[in-house]
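S.K.: Okay, handing you the structure first.
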Amino acid sequence: MTAVVHGNATGLTGVRVAEVPAPRPGPGEVVVAVRAAGLNHRDLFLVDGRGADDAPVVLGSDGAGVVAAAGPGAEVAPGTEVVVNPSLDWDEPGDVPEVPAILGVPTDGTFAEYVVVPAKNVAPKPAHLGWTEAAALPLAALTAYRALFTRGGLRPGEHVLLPGIGSGVATFALAMAKAAGATVSVTSRSPEKCRRALELGADRAIGSAEDWRGALGKPVDLVIDSVGSATFGRCLSVLRPGGRLVSLGATTGAAVTLSLREMFFRQISLLGTSMGSAREFGRMLDLVTEHRIRPVVHRTFPLEDGPRALAELASGDQFGKLVLTP
Ligand SMILES: NC(=O)c1ccc[n+]([C@@H]2O[C@H](COP(=O)([O-])OP(=O)(O)OC[C@H]3O[C@@H](n4cnc5c(N)ncnc54)[C@H](OP(=O)(O)O)[C@@H]3O)[C@@H](O)[C@H]2O)c1
Numbered sequence: 001m002t003a004v005v006h007g008n009a010t011g012l013t014g015v016r017v018a019e020v021p022a023p024r025p026g027p028g029e030v031v032v033a034v035r036a037a038g039l040n041h042r043d044l045f046l047v048d049g050r051g052a053d054d055a056p057v058v059l060g061s062d063g064a065g066v067v068a069a070a071g072p073g074a075e076v077a078p079g080t081e082v083v084v085n086p087s088l089d090w091d092e093p094g095d096v097p098e099v100p101a102i103l104g105v106p107t108d109g110t111f112a113e114y115v116v117v118p119a120k121n122v123a124p125k126p127a128h129l130g131w132t133e134a135a136a137l138p139l140a141a142l143t144a145y146r147a148l149f150t151r152g153g154l155r156p157g158e159h160v161l162l163p164g165i166g167s168g169v170a171t172f173a174l175a176m177a178k179a180a181g182a183t184v185s186v187t188s189r190s191p192e193k194c195r196r197a198l199e200l201g202a203d204r205a206i207g208s209a210e211d212w213r214g215a216l217g218k219p220v221d222l223v224i225d226s227v228g229s230a231t232f233g234r235c236l237s238v239l240r241p242g243g244r245l246v247s248l249g250a251t252t253g254a255a256v257t258l259s260l261r262e263m264f265f266r267q268i269s270l271l272g273t274s275m276g277s278a279r280e281f282g283r284m285l286d287l288v289t290e291h292r293i294r295p296v297v298h299r300t301f302p303l304e305d306g307p308r309a310l311a312e313l314a315s316g317d318q319f320g321k322l323v324l325t326p
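Here it is as structure tokens:
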């Protein structure tokens, strides 16, 4: 089968399209014929962390497709249309793993014609979504769901701030927070991304360099942050006393200065999150289905253009997700 693999190098220079053996299902596993596979920044971080001695591996964590074969004990019928949950070996929200195990490096991932996964890691594709939309969903939407609801405890009527709305997780968080009845403010360095966010239902979109406090008008109950050091101080300063900040990424750097006085006097909750459990994946799909949430797909590429798609992801110009179609 054709696949996008990485090996024997560091970074994007090690990415190539290759013919590799198609996988077979073991006990409790299914093989999914991939109809579409979504890209994530994780794919870039991983190739940057691999070296000359690392064996070739098929990239990709997100996918949607049709079950082509089921191994012994796998109770999913061939022909079922599914989305793949890339969070491996994590069933319940409270059983937080040391580091979440994620499909795609070290095991073979979704940027291929076929992928093998545990049967418990596939779920029926929401009927209102096309293949590219469904493939854009799993990793980022699961992360956004856990950040907003399990960790952030979002309640209807609260004011949520999403810094850096260009991120895939943030665009899902926008749709889900609106579906949950929140007021949503976003920031972006790009006026165009601000405009797109307002089109998608954001109540307020402000420039990253603006005075956030003045522009926001009212204090924030919950911040979902993945930008990191560039804006962390301002995220804290706009929270109401007793507000919550959920951190899930550090795009601009992980080291921040924090005033413990500001935190304890104003009784701020700082919460970390990463990926999510199978239970949350199911709840996320229920929310997406109930509110007919549609992922924002920026662009699709044929599988053979995988290296070009990854280079476009690295450029950071997209609003929403990039998707490969075998
Ligand atoms: N923990 C998890 O499970 C998990 C899962 C998924 C993603 N993540 C993390 O979430 C983050 C988001 O990933 P992503 O791929 O969706 O987006 P990304 O490309 O890493 O960027 C996120 C956003 O940060 C903003 N930004 C970047 N540089 C900035 C700067 N100097 N000043 C202000 N804002 C800046 C940009 O927003 P604008 O362009 O709108 O300004 C950008 O769209 C990453 O750090 C990723 O590792 C974590």
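So the sequence shown is numbered by the UniProt record's numbering: it starts at 1 and just counts up by one. The beta carbon of each residue, even a glycine, is placed where N, CA and C say it ideally should be.
1) Count the other CB atoms within 10 Å of the CB of residue 148; is the residue buried (16 or more) or exposed (fewer)?
2) If we define contact as Cβ-Cβ less than 8 Å, is residue 297 a contact residue for chain C?
3) With distances taken between CB atoms, is the gap from residue 46 to residue 169 smaller than 8 Å?
4) Under a three-way DSSP split, which group does residue 178 fall into?
5) When you compare only the Cα positions, how much space is there between residue 86 and residue 260?
6) May I have the straight-line CA-CA distance separating residue 271 from residue 19, to the nearest angstrom?
7) My guess is that residue 164 and residue 187 are in contact by the Cβ rule of under 8 Å, so how many angstroms apart are they, rounded?
8) Alpha helix (DSSP H) containing residue 319: first to last residue?
9) Under the DSSP definition of a beta bridge, which residues are partnered with residue 118?
10) Which residues bound the beta strand (DSSP E) around residue 81?
11) Does the distance between the C-beta of residue 128 and the nearest non-hydrogen atom of ligand 1 fall short of 7 Å?
12) Report buried or exposed for residue 258, applying the criterion of at least 16 other Cβ atoms within 10 angstroms of its Cβ.
13) Using DSSP with H/G/I as helix, E/B as strand and the rest coil, what is residue 35?
14) Can you tell me the Cα-Cα spacing of residue 329 and residue 313, whole angstroms?
15) Please classify residue 301: does DSSP put it in a helix, a strand, or coil?
16) So residue 41 is in the alpha helix (DSSP H); what residue range does that whole segment cover?
17) Among the residues of its own chain, which have a CB less than 7 Å from the CB of residue 375, if the five just before and after it don't count?
18) Report yes if the CB atom of residue 159 is closer than 8 Å to the CB atom of residue 218, and no otherwise.
19) Going by the CB atoms, is the gap between residue 290 and residue 150 shorter than 8 Å?
20) What first and last residue would you give for the alpha helix (DSSP H) that runs through residue 138?
21) Is residue 57 closer than 8 Å to residue 105 when the C-beta atoms are compared?
M.R.: Considering the structure as presented:
1) For this step, residue 148 is matched to residue 148 along the sequence shown. So residue 148 ends up on the buried side.
2) Checking the listed chains, one finds no chain C in this structure; it contains a single protein chain.
3) Here residue 46 is taken as the residue at index 46 of the sequence shown, counted from 1. Here residue 169 is taken as the residue at index 169 of the sequence shown, counted from 1. It is not a contact, given that the beta carbons lie outside the stated cut-off.
4) Walking along the sequence shown from the start, residue 178 turns up at place 178. Reduced to three states, the DSSP call for residue 178 is helix.
5) As a working note, residue 86 is residue 86 in the sequence shown. As a working note, residue 260 is residue 260 in the sequence shown. Rounded to the nearest angstrom, the two C-alpha atoms are 36 Å apart.
6) Position 271 of the sequence shown holds residue 271. Position 19 of the sequence shown holds residue 19. Approximately 43 Å between the Cα atoms of the pair.
7) The sequence position of residue 164 within the sequence shown is 164, counting from 1. The sequence position of residue 187 within the sequence shown is 187, counting from 1. About 7 Å separates the two Cβ atoms, so the contact holds.
8) For the purposes of this step, residue 319 is taken as the residue at position 319 of the sequence shown. Looking at the DSSP string, residue 319 is not in any alpha helix (DSSP H), and its letter there is neither H nor E.
9) Within the sequence shown, numbered from 1, the residue matching residue 118 stands at position 118. Partner(s): 29.
10) Within the sequence shown, residue 81 is the residue found at index 81, counting from 1. Per DSSP, residue 81 belongs to the beta strand (DSSP E) from 81-84.
11) Sequence index remark: in the sequence shown, residue 128 carries index 128 (1-based). For ligand 1, not one heavy atom lies less than 7 Å from the Cβ of residue 128.
12) Here residue 258 corresponds to residue number 258 of the sequence shown, with the count starting at 1. Residue 258 comes out exposed.
13) Start at 1 with the first residue of the sequence shown, and residue 35 comes out as number 35. Three-state DSSP puts residue 35 in a strand.
14) Past the boundaries of the shown model lies residue 329; the chain is included only from 1 to 326, so the question cannot be answered.
15) For the purposes of this step, residue 301 is identified with residue 301 of the sequence shown, where counting begins at 1. DSSP places residue 301 within a strand segment (E or B) once states are collapsed to three.
16) As a first step, residue 41 is located in the sequence shown; it is residue number 41 there, counting from the start. Counting along the chain, the alpha helix (DSSP H) containing residue 41 begins and ends at 41-48.
17) Shown here, the chain extends from 1 to 326; a query on residue 375 therefore has no answer.
18) Counted from its first residue, the sequence shown places residue 159 at position 159. Counted from its first residue, the sequence shown places residue 218 at position 218. Yes, the pair counts as a contact, with Cβ atoms nearer than the cut-off.
19) By one-based count along the sequence shown, residue 150 stands at place 150. By one-based count along the sequence shown, residue 290 stands at place 290. Note that the C-beta distance between residue 150 and residue 290 is not below 8 Å.
20) On the sequence shown, position 138 is the one that residue 138 refers to. Note, residue 138: alpha helix (DSSP H), 138-145.
21) By 1-based counting over the sequence shown, the position of residue 105 is 105. By 1-based counting over the sequence shown, the position of residue 57 is 57. Going by C-beta atoms, residue 105 is nearer than 8 Å to residue 57.
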